[in-house]
Amino acid sequence: ITKSEEENLMEDAIGSKIDDYLIKPVNPKQVLLTIKKLIDNKRLVSEKTSSAYQQDFRNIGMTLNDKLSYEEWVDVYKKLVFWELELEKLDDPQMHEILTMQKAEANKQYSKFVENNYIDWINGSADAPLFSHELIKKKVFPLINDNTPVFFILIDNLRYDQWKIINPLISEHFRLEEEDTYSSILPTATQYARNAIFSGLTPLEMEKRFPSLWQNDDDEGGKNLHEETFLGEQIKRSLRKDCKFSYHKILTFDQGKDLLEHANNLMHNEFNAIVFNFVDMLSHARTDMQMIRELANDDAAYRSLTLSWFEHSPLLELIKKLSQKRVKLVITTDHGTIRVKNPSKVIGDRSTNTNLRYKQGKNLNFNPKEVFLIKNPHDAQLPKINISSNYIFAKEDQYFVYQNNYNQFVNYYNETFQHGGISMEEMIIPVVTYGSK
447 ITKSEEENLM EDAIGSKIDD YLIKPVNPKQ VLLTIKKLID NKRLVSEKTS SAYQQDFRNI
507 GMTLNDKLSY EEWVDVYKKL VFWELELEKL DDPQMHEILT MQKAEANKQY SKFVENNYID
567 WINGSADAPL FSHELIKKKV FPLINDNTPV FFILIDNLRY DQWKIINPLI SEHFRLEEED
627 TYSSILPTAT QYARNAIFSG LTPLEMEKRF PSLWQNDDDE GGKNLHEETF LGEQIKRSLR
687 KDCKFSYHKI LTFDQGKDLL EHANNLMHNE FNAIVFNFVD MLSHARTDMQ MIRELANDDA
747 AYRSLTLSWF EHSPLLELIK KLSQKRVKLV ITTDHGTIRV KNPSKVIGDR STNTNLRYKQ
807 GKNLNFNPKE VFLIKNPHDA QLPKINISSN YIFAKEDQYF VYQNNYNQFV NYYNETFQHG
867 GISMEEMIIP VVTYGSK
């Protein structure tokens, strides 16, 4: 508390990390407010946040009973993520539990919604969301011009909530121009969704147009080895043949550093596509490595680990470097992920794929109430390995487990992050455009 109104004294005090600065004459209510802010802040914020969520809980609950459009489902998911991030700051297990239950109910209804509409959507119905194979054509190509290079950065397996927590760091260097979402195709797996993004084609169209490049589930070898070729073909087909572009896939820290060193060369291209794989590797490492399991034991910890990686990653360094130039930046992903909790028994033959959230095969036995069954894969724009192949997709937080070694599988995979099936977290994913400040 001081009589001095000198600006340099105020700056010096703030720089010394004081808690508040009051100038005489002081109203007693000002002192009371400062004391409450310092002593009672956490309790007051907690009470206000809990009260606000209780009100919105009722609104969201009533909304879930309505017949929602896709856009309304996106709004529901965004609200749930907002409250998840707000309640995360509070030490209120009861509120966390209520939100978890509401999110589970929302996912149950959303899965039914997708099940009822997906076949029509993927075949081009008027009310269809923007899908993976339309993403670059609709969201990126319109940004390309002769003057401003476009950087399309795809962070594999980045959920909407994870983007929300890294966005403040990006926004320090770039101006957010458009925050949007789009829907991953099914299966919500890299070999389907990311190949669809770069090719601009559905998996069935890819198999027909590029039979030597498309890899089915039962083919050996990498499934995403031809993304640069797919992208080049999409550019020729949908944009123009002389567009100068680059493609980079970053799997290691050293590869990221190497890209950083050559970033200035990318400014000569009209379009630069860069895939960062760390978040996907983190998701899989959480399944395979006990230490990562303990570090990312729930959604909040998983977000925290993502933020920690991003803060110290070559990607953030690249974003800082690009912010010194005049560029357009698009941040997106190919699919999200969900923490699975409920096993669903399935029986398949040896050719059945290993993914825990979807299965493709000809002799599948399963509980029909627990899956979204696609009897004819071509109806969903998916290739089929055999004439009698089916696809089944896990819904909500379920995961497929074989009857053999059932308990062993459940102990190993329960509460791990998986993708490939139907949930808001896997399907409703960010695509965000930034401009130079």
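Counting in the working numbering, the sequence shown runs from 447 upward without gaps.
In this text, a Cβ means the ideal position worked out from N, Cα and C, and glycines have one as well.
> Can you tell which of Ser450, Asp825, Phe656, Ile611 has its C-alpha closest to the C-alpha of Pro876?
Replying inline: Ile611
> How would you label Leu810, buried or exposed, when you count the other beta carbons within 10 angstroms and need 16 or more for buried?
Replying inline: buried
> His758: buried (16+ other C-beta within 10 angstroms of its C-beta) or exposed?
Replying inline: exposed
>> Please report the distance separating the alpha-carbon of Thr430 from that of Ala719.
In response: Beyond the ends of the chain as shown, which are 447 and 883, falls residue 430; an answer cannot be given.
>> Under 8 Å: do the segment 842 to 851 and the segment 788 to 796 share three or more Cβ pairs, one atom per stretch?
In response: yes
> Could you give the residue range of the beta strand (DSSP E) that holds Glu624?
Replying inline: 620 to 629
> Among residues of its own chain, excluding the 5 on either side of Val527, which ones have a beta-carbon nearer than 8 Å to its beta-carbon?
Replying inline: Tyr606, Asp607, Lys610
> So, helix, strand or coil for Trp516, using DSSP?
Replying inline: Correcting the residue type first, residue 516 is Tyr in the shown sequence and not Trp. If DSSP states are grouped into helix, strand and coil, Tyr516 belongs with the helices.
> Would DSSP call Arg785 helix, strand or coil?
Replying inline: strand
> How many Å lie between Leu484 and Asn562 at the Cα?
Replying inline: 52 Å
> Measuring CB to CB, does Asn553 end up less than 8 Å from Ser869?
Replying inline: yes
>> I need the boundaries of the alpha helix (DSSP H) containing Lys558, first residue and last residue.
In response: 539 to 568
> To the nearest whole angstrom, what separates the beta carbons of Leu659 and His672, a pair I think is in contact under 8 Å?
Replying inline: 4 Å
> Does the distance from the CB of Ile601 to the CB of Phe722 come in under 8 Å?
Replying inline: yes
> What distance in whole Å lies between the Cβ atoms of Ile631 and Ile568, which are believed to be in contact at a cut-off of 8 Å?
Replying inline: 7 Å
> What residues match up with Val586 in a beta bridge as DSSP calls it?
Replying inline: Bridge partners of Val586: none, in fact.
> Where does Ala574 sit, in a helix, a strand or coil, going by DSSP?
Replying inline: coil
> How big is the Cα-Cα spacing for Tyr858 and Thr800?
Replying inline: 14 Å
> Which term fits Thr783, buried or exposed, when burial requires 16 or more other beta carbons within 10 angstroms of its beta carbon?
Replying inline: buried
>> Within 10 Å of its beta-carbon, does Gln827 have 16 or more other beta-carbons around it, so buried, or fewer, so exposed?
In response: buried
>> Would Ile582 and Gln680 be called neighbours here (beta carbons separated by less than 8 Å)?
In response: yes
>> Tell me which residues share the same chain as Lys449 and place their Cβ nearer than 8 Å to its Cβ, disregarding the 5 neighbours each side in the sequence.
In response: Ile469, Lys470
> Asn896: which of Lys830, Tyr516, Lys815 sits nearest, CA to CA?
Replying inline: Residue 896 lies beyond the stretch modelled for the chain, which goes from 447 to 883, so this question has no answer here.
> What are the start and end residues of the alpha helix (DSSP H) that includes Gln854?
Replying inline: 852 to 859
> In terms of residues, what are the limits of the alpha helix (DSSP H) holding Asn743?
Replying inline: Where Asn743 is concerned, there is no enclosing alpha helix (DSSP H), given that its DSSP letter is neither H nor E.
> Is the closest heavy atom of the ligand NAD to the C-beta of Thr879 under 7 Å?
Replying inline: Of ligands this structure carries none, so the ligand NAD is not represented either.
> Cα separation between Met737 and Gln806?
Replying inline: 32 Å
> Below 8 Å between beta carbons: does that hold for Tyr804 and Pro575?
Replying inline: no
> Hey, how far is the Cα of Lys535 from the Cα of Met541?
Replying inline: 11 Å
> Quick one: Cα of Asn711 to Cα of His865, how far?
Replying inline: 35 Å
> Cα-Cα, which of Ser750, Ile833, Asp704, Glu740 is closest to Gln725?
Replying inline: In the sequence on display, residue 725 carries Val and not Gln. For Val725, the nearest C-alpha among the options comes from Ser750.
> For Val773 versus Ile599, is the C-beta distance shorter than 8 Å?
Replying inline: no
> Taking the C-alpha atoms as reference points, what is the distance between Asn670 and Asp458?
Replying inline: 55 Å
>> Judging by CA-CA distance, which residue of Asp512, Asp502, Asn511, Pro539 is the nearest neighbour of Lys524?
In response: Asp502
> Nearest-angstrom Cα distance between Lys494 and Glu530?
Replying inline: 15 Å
> Asp663: buried (16+ other C-beta within 10 angstroms of its C-beta) or exposed?
Replying inline: buried
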